[in-house]
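J.: Residues -21 to -1, 1 to 330 in mature numbering (1 follows the signal peptide of the UniProt record, and there is no 0) are what the sequence shown lists, from first letter to last. Have a look at this one before I ask anything.
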Amino acid sequence: MNNKRLALLTLATGLTTTLVACGSETETKTTEKDAVSAVLVTDVAGVDDKSFNQGSWEALEAWGQSHGLQKGSNGYNYLESNSDSDYVTNLSAAVHAEYDMIFAGGYKLEAALKEVAPSYPESHFAIIDRVVELPNVASITFKDHQSSFLAGVAAGETSKTNKVGFIGGMHGEVIDRFEAGFIAGVKAVNPDAVVEVQYADSFVDAGKGKTMAHAMYSNGIDVIYHASAGVGNGIFSEAKEIVQADPSREVWVIGVDQDQSAEGYIDENRNVTLTSSLKGVGTAITTLCNDAIDGVYHDGEVLVFGLEDEGVAITDGEMTDEVKAKVEEYKAKIISGEQVVPEKVENSENN
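Given below as structure tokens:
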């Protein structure tokens, strides 16, 4: 395929993405259509996770409505997975419903997609946050470690206790990138800071998130970055309860995947969301659906969204002007190549 840039619609700002060929695969060109049908198969966090799945669905819904489509099998829809065993069932159901584009919402669907896609070579799939080397699958990936590095800069600059926390959902290639980037960002601006890392072993247990956040805040941590989908809802709840009980306390949460300012809102004068790291999942979905209308399917390709082309970012949130300036400084360093951001935890310093 010829490398090219695609003009993308954005979740919040104008985002673009770079297409990178996967092996020798080429774009699949079919007949142009007035519209296409598309479906999102969620992971177990569900469509209302206030994070990854929700952002994907909201973008697909907006795209469908903008093209005059109806929710349902001839337009746009989602299939919600309540357990891992639902993945194969839902992907297969999407095929049999004859959707033109089938989006697998997250790396947890990788094994199921590898099982289903080869059986339906005429169907077009896309998986988010994982590379699946199959001829009818487009892979959508993000440089999450870059936005997480900037989140770390914000945390390291904001913390008054020199103790910050990271709560991940489950260990894996994607979430480990978040952790590695965050730790590196904290250490870049605050070498003396301690970063406590914990994993919830869940993406849905908000109660566990609240318990973990309570322990961290009680231990003097004043900024927590979460990459844990629905678990994060409990983290926000705990932070807000602390501030409501004692307005003199200053604790923060850094959101993930979409702007989570609404989750940190206490009143018009107080919000515990320091910033949020963004990934353009909705942008990718919109792009692939629009290309499908033109008869283009990115089968066998890898789409990479990075900081250099605004495929990932962080929000201003409640950061001070000084912190925002430091974030911009490191953003420029990352884009120029002066600052290399680790993708693996073992390459990140946390001493």
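By construction, the Cβ of each residue, glycine as well, lies at the ideal position given by its N, Cα and C atoms.
What span of residues does the alpha helix (DSSP H) with residue 33 cover, start to end?
T.: Here the alpha helix (DSSP H) through residue 33 covers 31 to 45.
J.: Taking residue 208 as the reference, give the member of 153, 229, 249, 227 with the closest Cα.
T.: Residue 153 is the option with its Cα nearest to residue 208.
J.: Could you say if the region 212 to 225 and the region 239 to 249 meet the contact criterion of at least three C-beta pairs nearer than 8 Å?
T.: Contact holds: three or more Cβ-Cβ distances are below 8 Å.
J.: Quick check on the burial criterion: 16 or more other C-beta atoms within 10 angstroms. Buried or exposed for residue 3?
T.: No answer about residue 3 holds up, because its pLDDT of 36 lies below 50 and its placement is not dependable.
J.: Roughly how many angstroms lie between the CA atoms of residue 253 and residue 27, to the nearest whole one?
T.: So the alpha carbons of these two residues sit roughly 22 Å apart.
J.: Is it true that the CB of residue 160 sits closer than 7 Å to the CB of residue 124?
T.: Yes, Cβ-Cβ distance for residue 124 and residue 160 is below 7 Å.
J.: When you compare each of 228, 25, 145, 86 to residue 249 by their alpha carbons, which one comes out closest?
T.: Residue 249 has its Cα closest to that of 228, out of 228, 25, 145, 86.
J.: In terms of residues, what are the limits of the beta strand (DSSP E) holding residue 169?
T.: Segment: none, residue 169 is in no beta strand (DSSP E) and carries neither H nor E.
J.: Under 6 Å Cβ to Cβ from residue 131, same chain only, skipping five residues before and after it: list those, please.
T.: Hits under 6 Å: 161, 164, 165.
J.: Where do the N-terminal and C-terminal ends of the beta strand (DSSP E) with residue 88 fall, by residue?
T.: Note, residue 88: premise wrong, no beta strand (DSSP E); not H, not E.
J.: What first and last residue would you give for the beta strand (DSSP E) that runs through residue 57?
T.: Residues 55 to 58.
J.: For residue 115, which of helix, strand or coil comes out of DSSP?
T.: Residue 115 falls in the coil class under three-state DSSP.
J.: State whether the region 170 to 179 contacts the region 134 to 151, with contact taken as three or more CB pairs (one from each stretch) at a distance under 8 Å.
T.: Touching, per the Cβ criterion.
J.: So does the region 265 to 284 actually touch the region 110 to 128, counting three or more Cβ pairs closer than 8 Å?
T.: Short answer: they touch.
J.: Quick check on DSSP: helix, strand or coil for residue 270?
T.: Here residue 270 sits in helix by DSSP.
J.: Which partner residues of residue 255 appear in the DSSP bridge assignment?
T.: DSSP output for residue 255 lists 234 as bridge partner(s).
J.: Could you spell out where the alpha helix (DSSP H) holding residue 65 opens and where it closes?
T.: Its alpha helix (DSSP H) spans residues 65 to 75.
J.: Could you tell me if residue -19 is buried or exposed, where buried requires 16 or more neighbouring beta carbons within 10 angstroms of its beta carbon?
T.: Note that residue -19 scores a pLDDT of 36, beneath 50, so its modelled location is shaky and nothing firm can be said.
J.: With C-beta atoms as the reference, is residue 134 less than 7 Å away from residue 202?
T.: Yes.
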